[in-house]
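Peer 1: I have a structure I would like to understand better, so I am pasting it below and will then ask my questions one at a time.
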Amino acid sequence: MTAALPPDAVVLPDADAVAHEAAERLIAACEASRSERIAIALSGGSTPKRLYALLAGPDHVGRVPWDRVHWFFGDDRAVPWDHADSNVRMVREAFHHGTAVPAAHLHFIPTDAGPEAAAETYARTLLEFYGADRLDPARPLFDCVLLGLGEDGHTASLFPGKPALSETARLVAPVPEAGLAPFVPRVTLTYPALASSALVLFLVSGESKRAALRRLAAGEDLPAGRVTSQGRIAWLLDAAAAA
Ligand code: 6PG
4 MTAALPPDAV VLPDADAVAH EAAERLIAAC EASRSERIAI ALSGGSTPKR
54 LYALLAGPDH VGRVPWDRVH WFFGDDRAVP WDHADSNVRM VREAFHHGTA
104 VPAAHLHFIP TDAGPEAAAE TYARTLLEFY GADRLDPARP LFDCVLLGLG
154 EDGHTASLFP GKPALSETAR LVAPVPEAGL APFVPRVTLT YPALASSALV
204 LFLVSGESKR AALRRLAAGE DLPAGRVTSQ GRIAWLLDAA AAA
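For the sequence shown, the numbering used here assigns the number 4 to the initial residue and increments by one for each residue that follows.
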């Protein structure tokens, strides 16, 4: 069956094993970084909660260089940061309300400004952190990008058929209409931003993702399948998703 999966997919027994494997790879990415400041783009939704809680938990918290890591968001929903659909709220809760994370190292997307303005501001935040006014293919912005997979094959907030898929210049794009619930406007990193990475880790778990995985493996042109990286892309799947 593995032949029907993305070529270098790793199938793990369950969601907890996916989270543990992702934690090891993320920590290894931090150890491999030659930058004083390490940049990690966080995925939203529910799948990565386990990973984030692991990283801030007793078995891993001492292995993450929290003083060097800066956490960015691959996307967020245009809702208040304390809203149940906010990725900021999800990350803060999973990171135990930032007990380990220096507040200045969590770079939220300013969704309260509205999707268009938030996209402009966040792109500036990324480039200011990067220290240049454009990305250099030889120097990726992110040491690691975490991504999920939606049942429709979306990733971040890059939904099938939506204009953000065609953005080849801007690093961050507004998404006025989400393709899946929650149907609120979003802000998302674009393919050029995701590509500026040393490592992309897709975390996929649960039976509900099986169909999207099969469509990807069959070569269907879905947003998640269009992600590239200047470094490596790894798919971490649990058995339920990969069956
Ligand atoms: C978001 C995510 C999105 C997510 C997928 C999978 O903000 O919703 O960035 O791309 O990764 O929709 O979500 P689940 O992990 O909740 O299934």
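Glycine is no exception: its CB is placed at the ideal position from the N, C-alpha and C atoms.
Given that a residue counts as buried once 16 or more other Cβ atoms are within 10 Å of its Cβ, and exposed if not, what is residue 5?
Peer 2: Low local confidence applies: a pLDDT of 35 at residue 5 is under 50, so the model's placement there is unreliable, and no value is given.
Peer 1: When we look at the beta-carbon of residue 119 and count the other beta-carbons within 10 Å, is it buried (16 or more) or exposed?
Peer 2: It counts as exposed.
Peer 1: Since residue 59 and residue 98 should fall inside the 8 Å C-beta cutoff, what is the C-beta to C-beta distance between them, to a whole number of angstroms?
Peer 2: 5 Å
Peer 1: Report the residue from 85, 41, 91, 86 whose alpha carbon sits nearest the alpha carbon of residue 55.
Peer 2: 91
Peer 1: How far does the alpha helix (DSSP H) with residue 195 in it extend, from its first residue to its last?
Peer 2: 194 to 198
Peer 1: Whole angstroms is fine: what's the gap from residue 71's alpha carbon to residue 41's?
Peer 2: 6 Å
Peer 1: Helix, strand or coil for residue 5, going by three-state DSSP, please let me know.
Peer 2: Only weak support exists for where residue 5 lies, its pLDDT of 35 falling under 50; the coordinates are left without a value.
Peer 1: The alpha helix (DSSP H) with residue 132 in it runs from where to where?
Peer 2: 118 to 133
Peer 1: By alpha-carbon positions, which one of 78, 105, 225, 125 ends up nearest to residue 163?
Peer 2: Among 78, 105, 225, 125, the Cα nearest to that of residue 163 is on 225.
Peer 1: Cβ atoms of residue 208 and residue 145: under 8 Å apart, would you say?
Peer 2: no
Peer 1: Please return the same chain residues whose Cβ sits closer than 7 Å to the Cβ of residue 7, not counting the five positions on each side in sequence.
Peer 2: Its pLDDT being 49, under 50, residue 7 is placed unreliably by the model, and nothing is read from it.
Peer 1: With DSSP run on the structure shown, which of helix, strand or coil describes residue 226?
Peer 2: helix
Peer 1: With DSSP as the reference, please indicate the residues paired to residue 236 in a beta bridge.
Peer 2: 203
Peer 1: Please say whether residue 203 and residue 230 have beta carbons closer to each other than 8 Å?
Peer 2: yes
Peer 1: Go ahead and label residue 79 buried or exposed: buried means 16 or more other beta carbons lie within 10 angstroms of its beta carbon, across all protein chains shown.
Peer 2: buried
Peer 1: Along the chain, where does the beta strand (DSSP E) that runs through residue 43 open and close?
Peer 2: 41 to 45
Peer 1: Can you give me the C-alpha to C-alpha distance between residue 83 and residue 77, rounded to a whole angstrom?
Peer 2: The alpha-carbon separation between residue 83 and residue 77 amounts to approximately 17 Å.
Peer 1: Shorter than 7 Å, the distance from the beta carbon of residue 224 to the closest heavy atom of ligand 1, or not?
Peer 2: no
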